[in-house]
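Quick note on our numbering: the sequence shown kicks off at 14 and runs consecutively.
Ideal Cβ placement from N, Cα and C applies to all residues, glycine included.
Shown next, in structure tokens, is the structure this report addresses.
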Amino acid sequence: MSVAWDLTPLYSSPADPRLDADVAAARVEAAAFVERYRGRIATLDATGLAQAITAYEDLEEQARRPGFYAHLRFAADTQDEAARRLVDRTREAALGIANATTFFELELKALDDDAFARLAEDPALAERRHWLQLVRRRRPYTLSEPEERIVNQKNLTGRGALVQLFDELSGSLRFTLDGRELTGEQILSMLYESDGALRERALRTFLDTYATHGVVWTSVLNGLMQDHRLECELRKVGDPVLPTHLDNEVRPETVDAMMTATERNYPLAQRYFRLKAKLLGLPVLKNTDLYAPLDETPSRVPFEDARSLVLYAFGAFAPEVRALAEDFFDKSWIDAEVRPGKRLGAFCASMSPHTNPWVLLSYTETLRDVATLAHELGHGIHDRFAARQRPLDYLPPLTLAETASVFGEILLTRVLLDREPRREIRRGLLCAKIEDIIATVFRQNVLTRFEMAAHAKRTEGPLTAAELGDLWWNENAKLYGDAVEMIPAYRWGWSYIPHFIHSRFYCYAYVFGELLVLALYQRYREEGAAFVPRYLELLAAGGSEAPDVLLGRLGIAIDDAAFWDRGFAVLEDLLAELEATLD
Ligand SMILES: [Zn+2]
């Protein structure tokens with residue numbers, strides 16, 4: 014199999030003269046933009062501002078193209094020196110342009126409220142209202158310009174240094190298991206081994222090694238939490254999660270409703286844990302058994318079959334979805350072959366509504382890879398539908414970004430299950446999907462609750478490692494109940510989670526994305542074909558409105574706990590289907 018992408022529609026090679034010409038042209042355009050608008054935003058009328066936004070958007074799009082190409086070339090071959098140099102060169106150019114044009118958003122933010130309200134109501138800016146509001150949303154929490162500069166500068170050596178310490182130390186750790194030296198990734202991958210004693214040894218060794226550096230993790234997390242608390246006080250942000258809600262374009266009440274619904278459904282996860290214990294022949298599951306494989310021989314799926322499976326699943330949902338997916342195969346927008354030097358993992362990269370997205374994965378013929386293909390093509394289809402949006406409204410916020418990808422995976426799972434007569438294989442498929450949902454919904458909810466509890470307790474003073482361990486243990490115990498026994502070393506389970514360090518409160522967005530899709534899928538099951546055009550409208554809206562507005566158009570009220578419960582109905586049915594394979 015040789016499925017490699019063809020990037021020549023972007024540039025013929027890193028040496029393509031058009032590439033340098035584009036970089037140079039973007040620089041000239043940026044200079045012209047600065048010359049024309051810097052210091053003048055407050056003087057523009059609505060029509061003038063609309064023109065400025067369009068110019069800004071065109072400029073951004075133009076400036077991004079060379080770097081986008083460089084990034085794709087580099088991902089396809091990280092050993093390629095020319096690609097690496099191109100990444101550096103284009104990054105510098107793009108940074109220069111971004112720095113030159115930051116005044117634009119700053120001046121928009123600085124407009125006084127009355128002036129802004131008048132502009133936002135003007136019909137000439139109707140299509141730009143959402144983007145303008147996005148720019149303005151942090152205004153109440155913004156400090157003066159010199160203060161912001163000081164915060165940025167001190168972050169480099171303050172918060173930034175703590176994050177770097179975490180990264181460097183955790184990256185440098187090696188784990189000795191049965192006489193072998195392993196990296197963190199290698200030892201954690203052993204949780205998927207079939208030998209239960211080995212799985213437990215692996216997780217214990219991993220956590221014990223982390224525990225030997227407990228002073229560092231405790232101090233780093235305490236420092237970051239205090240830094241955040243002090244910055245919130247400075248900016249008069251009452252709730253430490255609020256900045257994350259602003260990024261995600263959701264209200265705190267929505268997240269509350271979602272998390273409460275998730276907790277109400279913890280017993281569903283426990284029902285699965287008991288089933289899995291039965292399938293593995295264990296009296297009770299340990300938390301090192303959660304990802305244990307069931308012993309059936311995995312099937313191999315050649316790429317051609319994966320292609321027809323995914324196209325069939327998409328086509329059965331909507332012919333136009335299939336047609337868009339076919340483009341990715343027919344026009345060589347997919348890089349699926351396994352090659353040395355290729356970047357690990359998978360992605361779908363989208364630059365602008367005027368250029369097609371590109372999908373990269375390393376296809377090794379497993380069912381997991383077929384799901385990855387459906388996932389990344391889902392992203393691609395989302396972005397193709399949204400291609401009618403302006404560049405600034407093109408990409409959805411994080412909370413909606415996984416909609417089509419996860420939806421695509423569910424459609425695929427359904428087709429695989431419906432086509433598979435063998436009970437053992439069906440069982441494996443069901444377990445894989447359910448474990449996926451548990452890891453994305455329930456586990457991420459636990460992570461978020463731990464983080465919220467830790468930040469709340471930090472206001473009383475620094476937490477000891479034992480206190481952090483207790484908070485972690487208690488939140489996990491709520492999920493596991495008496496269905497899963499945690500190994501004692503798991504008290505250190507909080508210490509290695511990079512999200513707490515890199516992007517606080519990020520994890521609830523995973524819950525949101527997955528549950529939203531499950532609830533949408535439930536609607537599809539109830540409404541059938543009538544649901545399809547409304548779902549496609551949602552995709553086509555891209556990032557042009559906040560999630561509650563877009564979902565409101567589908568008659569969905571995301572502040573309502575009952576909405577989130579619908580998602581769990583899908584999980585419950587999958588569980589019942591799994592239980593039926595046991596009879
Ligand atoms: Zn994704």
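Distance, residue j Cα to residue i Cα
| i | j | result |
| --- | --- | --- |
| cysteine 444 | proline 159 | 55 Å |
| tyrosine 523 | threonine 453 | 6 Å |
| valine 228 | serine 516 | 21 Å |
| leucine 551 | leucine 528 | 16 Å |
| glycine 393 | arginine 142 | 26 Å |
| arginine 78 | leucine 492 | 46 Å |
| leucine 108 | aspartate 343 | 35 Å |
| valine 71 | valine 41 | A small fix is needed here, since residue 71 is aspartate in this sequence, not valine. One C-alpha to the other measures close to 13 Å. |
| serine 418 | threonine 385 | 9 Å |
| alanine 593 | lysine 289 | 14 Å |
| alanine 387 | tyrosine 285 | 25 Å |
| phenylalanine 398 | glutamate 333 | 10 Å |
| glycine 421 | phenylalanine 327 | 7 Å |
| arginine 597 | phenylalanine 179 | The first residue shown for the chain is 14 and the last is 596, placing residue 597 beyond what the model contains. |
| isoleucine 110 | alanine 37 | 11 Å |
| glycine 209 | tyrosine 304 | 10 Å |
| leucine 533 | glycine 580 | 8 Å |
| aspartate 610 | arginine 151 | Residue numbering for the chain in the displayed model covers 14 to 596; residue 610 lies beyond these limits and cannot be assessed. |
| phenylalanine 330 | valine 323 | 11 Å |
| arginine 435 | leucine 298 | 26 Å |
| alanine 400 | lysine 291 | 48 Å |
| alanine 43 | glycine 61 | 18 Å |
| alanine 39 | arginine 98 | 19 Å |
| arginine 287 | cysteine 520 | 26 Å |
| asparagine 261 | phenylalanine 219 | 33 Å |
| alanine 553 | arginine 49 | 34 Å |
| glutamate 480 | histidine 258 | 27 Å |
| asparagine 489 | arginine 403 | 43 Å |
Neighbour-count burial assignment, residue i, 16 or more Cβ in a 10 Å radius
| i | result |
| --- | --- |
| leucine 563 | buried |
| threonine 231 | buried |
| isoleucine 423 | buried |
| leucine 234 | buried |
| valine 583 | buried |
| tyrosine 205 | exposed |
| glutamine 166 | exposed |
| glutamine 177 | exposed |
| glycine 541 | exposed |
| proline 560 | buried |
| threonine 477 | exposed |
| asparagine 278 | buried |
| lysine 446 | buried |
| leucine 268 | Before going on, a small fix: residue 268 reads as valine here, not leucine. That one is buried. |
| isoleucine 571 | buried |
| serine 202 | exposed |
| glycine 526 | buried |
| proline 501 | exposed |
| proline 370 | buried |
| threonine 196 | exposed |
| alanine 28 | exposed |
Sheet register partners of residue i (DSSP bridge)
| i | result |
| --- | --- |
| threonine 189 | Glu194 |
| leucine 298 | Val497 |
| aspartate 348 | Leu373 |
Boundaries (first-last residue) of the alpha helix (DSSP H) holding residue i
| i | result |
| --- | --- |
| glutamate 437 | 436-450 |
| isoleucine 514 | 511-515 |
| lysine 167 | 158-170 |
| asparagine 458 | 456-471 |
| tyrosine 304 | Here tyrosine 304 belongs to no alpha helix (DSSP H), and DSSP marks it neither H nor E. |
| glycine 61 | 59-89 |
| lysine 355 | That residue, lysine 355, is in no alpha helix (DSSP H); it is neither H nor E in DSSP. |
| alanine 589 | 574-593 |
| tyrosine 620 | One cannot answer for residue 620 here, as it falls past the ends of the chain, which runs 14 to 596. |
| asparagine 261 | 255-261 |
| aspartate 93 | Segment: none, aspartate 93 is in no alpha helix (DSSP H) and carries neither H nor E. |
| arginine 313 | That residue, arginine 313, is in no alpha helix (DSSP H); it is neither H nor E in DSSP. |
| proline 30 | 30-50 |
Completely contained alpha helix (DSSP H) runs for the segment 357-422, where each covers 4 or more residues:
DSSP assignment within the segment 357-422 yields the following whole alpha helix (DSSP H) runs of 4 residues or more, N-terminal first: 380-398, 411-414.
What ranges does the alpha helix (DSSP H) occupy inside the segment 96-183, keeping only unbroken runs of at least 4 residues that lie completely in it?
For the segment 96-183, whole alpha helix (DSSP H) runs of length 4 or above, ordered along the chain, are 126-134, 142-149, 158-170.
What residues come near ligand 3, if near means a beta carbon less than 6 Å from any of its heavy atoms?
Absent from the structure shown: ligand 3. Ligands present: ligand 1.
Going residue by residue through the segment 519-546, where are the continuous alpha helix (DSSP H) segments of at least 4 residues, counting only ones entirely within it?
You should have 521-540.
Start-end ranges of the alpha helix (DSSP H) lying completely within the segment 214-251, minimum 4 residues
Those alpha helix (DSSP H) runs which fall completely within the segment 214-251 and span 4+ residues are 227-248.
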